[in-house]
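Asker:
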């Protein structure tokens, strides 16, 4: 599943927002963090998600490629990965632009698809998106739910093209091309 990190603590969500995330749980994982940042706690939650979702797909160790984002390099994160026979592989510093299959390939496509959904929704519901809630606009939780839905849909579209995902990993050196 793809993951989203929203700003806040996620403790005062209304029932409608909780229901929406529950309905999307097979497609997108939603996390909350005060600054909408992946800190160590969010990184560890994501790692637990990764462990559960990859269980049974490999009888040996797993290779998890990451950039040098601090929370992915903490002792707790690395030890938890090792406990599950996950080998952490980090890109060299200052070269995300050439070694990150997700940042510069997969997520760019996802962002473009989300933007298409957003523009279509904005065109159809201008007042809702451009006015405060007391003047008929959307509340913050409704905007978050839209983003979660669009992200889930975009990920389904992108992952339906395995050749694109494969080429993203080949072009950045994470996967060897079939012809060597």
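Numbering (my numbering), first residue to last: 81 to 260.
Quick reminder that beta carbons are idealized off the backbone N, C-alpha and C, glycines included.
Keep in mind that this is a model prediction, so the values were computed, not measured.
Grab the span of the beta strand (DSSP E) containing residue 82 for me, first residue to last.
Answerer: Residues 82–87.
Asker: Tell me whether the beta-carbon of residue 112 lies closer than 8 Å to the beta-carbon of residue 149.
Answerer: Not a contact, by the Cβ cut-off of 8 Å.
Asker: List the residues that DSSP assigns as beta-bridge partners of residue 111.
Answerer: According to DSSP, which records beta bridges pairwise, residue 111 is partnered with 85.
Asker: DSSP puts residue 170 in a beta bridge; with which residues?
Answerer: Per DSSP, 146.
Asker: Within a Cβ cutoff of 6 Å, which residues of the same chain sit near residue 146, ignoring the five residues on either side of it in sequence?
Answerer: 152, 170.
Asker: Within the same chain, show all residues whose beta-carbon is closer than 8 Å to that of residue 134, passing over the 5 residues directly before and after it, in chain order.
Answerer: Excluding residues within five positions, the ones whose Cβ falls inside 8 Å are 142.
Asker: CB residue 228 to CB residue 216, shorter than 8 Å?
Answerer: Taking 8 Å as the Cβ cut-off, residue 228 and residue 216 do not qualify as a contacting pair.
Asker: Run the CB neighbour count on residue 172, radius 10 Å, all protein chains shown included, and call it buried at 16 or more, exposed below.
Answerer: By the neighbour-count rule (16 or more Cβ atoms within 10 Å), residue 172 is not buried but exposed.
Asker: For the candidate residues 183, 157, 137, 238, whose alpha-carbon lies nearest to that of residue 107?
Answerer: The shortest Cα separation from residue 107 among 183, 157, 137, 238 belongs to 238.
Asker: For residue 157, which residues of its own chain have a beta-carbon under 7 Å away from its beta-carbon, when the five flanking residues on both sides are left out?
Answerer: 120, 123, 124, 127, 151, listed in sequence order.
Asker: Ignore the nearest five residues each way along the sequence and tell me which others in residue 186's own chain have a CB closer than 7 Å to its CB.
Answerer: Here the set comprises 238, 245, 248.
Asker: Less than 8 Å between C-beta atoms, sequence neighbours within five positions excluded: which residues of the same chain meet that for residue 254?
Answerer: So the qualifying residues of the chain are 145, 179, 181.
Asker: Does DSSP classify residue 105 as helix, strand or coil?
Answerer: In this structure, residue 105 counts as coil in the three-state DSSP scheme.
Asker: Using alpha carbons as the reference points, say which of 168, 165, 155, 230 lies closest to residue 201.
Answerer: When each option's Cα is compared against that of residue 201, the closest is 230.
Asker: Between residue 176 and the rest of its own chain, which residues show a CB-CB distance below 8 Å, the 5 nearest in sequence each way excluded?
Answerer: The answer, listed in chain order, is 147, 183, 184.
Asker: Can you give the Cα-Cα distance for residue 110 and residue 240, rounded to whole angstroms?
Answerer: Each residue's alpha carbon lies about 21 Å from the other.
Asker: From the DSSP output, in three-state form, read off residue 152 for me.
Answerer: Helix at residue 152.
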